[in-house]
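Asks:
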Amino acid sequence: MLEGQLSGSALFNTSFYKNTKAIRNDKRHKIVVKDDIVTLQMLAIDAGDAGKYQCTVENEVGKSSCDCEMTLKGWRENLTFKYISVHFGILSVKMFFAFPPIEPPSFAQKIENMNSLCQPLRLECKVKGSPSLRMQWYKNGTKITDGDNYRQSFVDSTAVLELRTTRFDDNGVYTCEATNDAGSISCSTTLRVKG
């Protein structure tokens, strides 16, 4: 959300721009003017939203604008940041931005120790934390890649490692690691394949 406080004579015409292109009210953007506060709400943030933003206000006696650059480090829901710019003259604009704190990953449900009888196996754990969460599975400390026997997925906050079939050489410690911009956490389980 970009928010500006206006001062000057009434009857402002307010415009927002991104990289010099006018921003209009649409599914992702909402421009709200209430009293002396003008707000650009971004209802969904993605990497394409990075760039130079400008708020311009004008009335019959003058025009003023305020600029800021928005950069994204990882994808963050409820993006907020702080930036203040004041232009003096007939009109003035102050813009405020703020990031809420990023929640580090945590496990809502950890994986449990497993025994398998040479059949398909599914390991899963539930993860909480601010986006963008990155998940990775390891076997005995070595990164697992998808292949003939392994398939990893992360859907609806659940990290899954599927073994299409379990063999004796699949015995070991399996670790699920969750990472975001605020930190990382891991949990492990021991798999014992029985014949």
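Under my numbering, read the sequence shown as residues 2 to 196, first letter to last.
Note that beta-carbon positions come from the ideal geometry of N, C-alpha and C, so glycine has one too.
Measure the C-alpha to C-alpha separation of V58 and L44 and round it to an integer number of angstroms.
Replies: Near 22 Å, if we compare the C-alpha coordinates of L44 and V58.
Asks: In whole angstroms, what is the alpha-carbon distance linking C177 and T15?
Replies: Each residue's alpha carbon lies about 49 Å from the other.
Asks: Is DSSP giving N141 helix, strand or coil here?
Replies: Here N141 sits in coil by DSSP.
Asks: Give the straight-line distance between the Cα atoms of L192 and I103, rounded to the nearest whole angstrom.
Replies: Taking the straight line from one Cα to the other gives about 33 Å.
Asks: What would DSSP say about D171, mapped onto helix, strand or coil?
Replies: Looking at D171 - three-state DSSP - the assignment turns out to be helix.
Asks: Can you name the start and end residues of the beta strand (DSSP E) that K129 belongs to?
Replies: Taken as a continuous stretch (DSSP letters only), the beta strand (DSSP E) holding K129 covers L122 to K129.
Asks: Got a sec? Which residues, its chain only, sit under 7 Å from V194 by beta carbon, not counting five neighbours each side?
Replies: Result list for V194: S117, C119, T167, R168, F169, D171 and N172, in chain order.
Asks: Can you give the Cα-Cα distance for N150 and S107, rounded to whole angstroms?
Replies: Spanning the two alpha carbons is a distance of roughly 28 Å.
Asks: With distances taken between CB atoms, is the gap from V156 to R123 smaller than 8 Å?
Replies: Against a cut-off of 8 Å, the Cβ pair of R123 and V156 comes out as no contact.
Asks: Taking all protein chains shown into account, do 16 or more other C-beta atoms lie within 10 angstroms of the C-beta of E78, making it buried, or fewer, making it exposed?
Replies: Its pLDDT being 43, under 50, E78 is placed unreliably by the model, and the measurement read from it follows with that caveat. With fewer than 16 Cβ atoms within 10 Å of its Cβ, E78 is classed as exposed.
Asks: Between M115 and A109, what straight-line distance do the alpha-carbon atoms span, to the nearest angstrom?
Replies: Cα to Cα, the separation comes out at about 19 Å.
Asks: I need the straight-line Cα distance from T180 to D36, nearest angstrom please.
Replies: Cα-Cα distance, rounded: 42 Å.
Asks: If you draw a straight line from the C-alpha of S86 to the C-alpha of Q137, how long is it?
Replies: In this prediction, S86 has a pLDDT of 42, which is less than 50 and means its spatial position is unreliable; what the coordinates show is noted afterwards. About 42 Å.
Asks: From N20 to H30, what does the alpha carbon distance come to, in whole angstroms?
Replies: Going by the C-alpha atoms only, they are around 15 Å apart.
Asks: V34 to N60, Cα distance in whole Å?
Replies: One C-alpha to the other measures close to 14 Å.
Asks: When DSSP labels each residue in this structure, what does G148 get in the three-state scheme?
Replies: Coil.
Asks: Using only CA atoms, which one of A23, K22 and I112 lies nearest to V128?
Replies: That would be I112, whose Cα lies nearest to the Cα of V128.
Asks: Tell me the DSSP secondary structure of H88 in three-state form.
Replies: Unreliable placement is indicated for H88, whose pLDDT of 44 sits below 50; no coordinate value is reported for it.
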